[in-house]
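Colleague: Numbering (the numbering used here), first residue to last: 6 to 155. Backbone N, C-alpha and C fix where the C-beta goes; we use that ideal spot for every residue, glycine too. After the structure tokens below, expect a handful of questions from me.
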């Protein structure tokens with residue numbers, strides 16, 4: 006499996022979602038010729054995410070997802086691509102506010118996070134359009150509606 010979900014007290018996702026997240030991660034990594042790499046996912050509390058966001062982005066706020074690619078100057082330990090952190094309370098609230106299924110929203114955020122680990126970004130409009138179209142394509146394979154139209 007290409008997705009290592011690190012158990013925490015906030016780990017309140019279903020086994021079915023865990024399986025789907027793993028399948029999505031494997032598909033994305035395989036498509037980018039990174040099938041031998043692994044992504045770590047940690048599900049956080051809002052407090053933990055605020056601390057990460059402050060330390061790494063100088064933003065003292067909760068957020069849905071952060072990606073931490075491994076430094077390319079160092080060998081990848083155990084074939085790791087990087088780490089993804091998701092604030093479960095933030096994502097639950099965000100999904101409710103957006104009237105989205107929480108599992109579908111988590112799938113979107115994992116796709117988004119993995120694409121960041123692979124070097125995609127959304128700073129410039131053209132890059133955002135590319136990244137969004139790739140996310141939409143993967144989500145369609147799992148019968149998940151375009152999250153940018155909802």
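Which of the three DSSP states, helix, strand or coil, is assigned to residue 94?
Modeller: Of the three classes helix, strand and coil, the one that applies to residue 94 here is helix, per DSSP.
Colleague: Could you check where the alpha helix (DSSP H) with residue 146 kicks off and where it finishes?
Modeller: Start and end: 130-146.
Colleague: Indicate the three-state DSSP secondary structure (helix, strand or coil) for residue 42 in the structure shown.
Modeller: Residue 42: coil per DSSP, three-state reduction.
Colleague: Starting from residue 119, trace the alpha helix (DSSP H) both ways and give me its first and last residue.
Modeller: 107-122 is the extent of the alpha helix (DSSP H) around residue 119.
Colleague: Comparing C-alpha positions only, which one of 153, 143 and 149 sits nearest to residue 32?
Modeller: Minimum Cα distance to residue 32 is reached at 143.
Colleague: Looking at the secondary structure, which residues open and close the beta strand (DSSP E) in which residue 10 lies?
Modeller: Run containing residue 10: 8-11, per the beta strand (DSSP E) assignment.
Colleague: Determine contact between the stretch 39-49 and the stretch 11-30, defined as no fewer than three beta-carbon pairs at a distance below 8 Å.
Modeller: Yes, the stretch 39-49 touches the stretch 11-30.
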